[in-house]
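Below is one structure, written out as structure tokens, with a few remarks after it.
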Amino acid sequence: MPSLLPFLLRLLLLLLIPSATAGGQQIFGIGAELNSEKACLSLMLIIVFTVAFEVGTLRIQQRLNGTPFLEMVNKIYAELTILGLVSTVHTV
376 MPSLLPFLLR
386 LLLLLLIPSA
396 TAGGQQIFGI
406 GAELNSEKAC
416 LSLMLIIVFT
426 VAFEVGTLRI
436 QQRLNGTPFL
446 EMVNKIYAEL
456 TILGLVSTVH
466 TV
């Protein structure tokens, strides 16, 4: 997992910084008006939030293991996943 962050940062920089092979233009033209510092910060915050959410859900599942509340929490996670998918499809 530690090697994923440098890869994502390099990918983001490739999208934002003009390259010599692209004739001095950004890939997909998205880097022209995008602040690279804010974009990198946003990407890092998303990664930190995702990791924290996963760690939190794992701890909740471990704490509720063997109780009837575990099934309820798993159903809530499934609903959140479906809502996220619907939101992503609606946005795109």
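Note that the numbering used here numbers the sequence shown so that position 90 is 465, with each residue one more than the last.
Cβ atoms here follow ideal geometry from the backbone N, Cα and C, with glycine treated the same way.
(request) Whole angstroms is fine: what's the gap from Arg434's alpha carbon to Ile421's? (result) 20 Å
(request) Can you grab the Cα-Cα spacing for the pair Gln437 / Ser462, in whole Å? (result) 29 Å
(message) Quick check on DSSP: helix, strand or coil for Leu433?
(response) helix
(request) Verify whether the separation of the beta carbon atoms of Leu379 and Leu418 is less than 8 Å. (result) no
(message) Tell me the rounded alpha-carbon separation between Val448 and His465.
(response) 26 Å
(message) Mapping the DSSP letters down to three states, classify Glu454 as helix, strand or coil.
(response) helix
(message) Can you give me the C-alpha to C-alpha distance between Thr396 and Lys413, rounded to a whole angstrom?
(response) Interpretation of Thr396 is limited by its pLDDT of 48, a score under 50 that renders its predicted location unreliable; the figure taken from the coordinates is listed afterwards. The alpha-carbon atoms of Thr396 and Lys413 are separated by roughly 25 Å.
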